[in-house]
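Inspection log for the structure reproduced underneath, given as structure tokens.
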Amino acid sequence: MRLGLDEARLAASHGDVPIGAVVLDASGTVLSRAGNERESGAGPLAHAEVLALTRAADALGGWRLDGCTLVVTLEPCAMCAGALVQARIGRLVYGALDAKAGAVASLWDVVRDPRLPHRPDVVGGILADECAGLLAQFFRERRTA
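Numbers 0 to 144, taken from numbering that gives the first Met the number 0, label the letters of the sequence shown in order.
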């Protein structure tokens, strides 16, 4: 999660919402890292999770990320939750809950829906206060600017 927080801080430094994601292989080796790039890359799909999943797939040479872990600082939205299910991520680890758009615990539970072809293990709340604090600080600074 600390690597994810580093990516989140980097995203904030270029005007993006500070969310960071890391994909680890089964042995714990980092395959990819990403922060949000929606503002800097002008892309609506450039969420940290989607970028990290895509880069991990590139590193492995295939789209199936079986046995991999996605670590992200904020509970994934519906788009990102769907993407990690489709990528066959083995485990999702997230930091803060997202009461406005969370699709793992807050509003929906997309990743554990029994109708989907794959359901990763989920661990939430890791460094949640630090992850949430980074987001709160970012938006507080934006409102006063």
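Using N, Cα and C, we set each Cβ at its ideal position, and we do this for glycine too.
All values reported here derive from a predicted model rather than from experimental measurement.
Beta-bridge annotation (DSSP): residue 90 is paired with 68, 120. In the pairwise beta carbon analysis, the region 79-86 is classified as not touching the region 23-42: fewer than three pairs are separated by under 8 Å. Within its own chain, the residues whose Cβ lies closer than 7 Å to the Cβ of residue 45, once the five positions on either side in sequence are excluded, are 35, 36, 37, listed in chain order.
As DSSP reads the structure, residue 23 sits in a beta bridge with 29, 68. Counting every other CB atom within 10 Å of its CB across the protein chains shown gives residue 137 a total of 16 or more, marking it as buried.
Judged by beta-carbon spacing, residue 17 lies within the 8 Å limit of residue 134, meaning their Cβ atoms are closer than that value. With fewer than 16 other CB atoms across the displayed protein chains lying within 10 angstroms of its CB, residue 122 is exposed.
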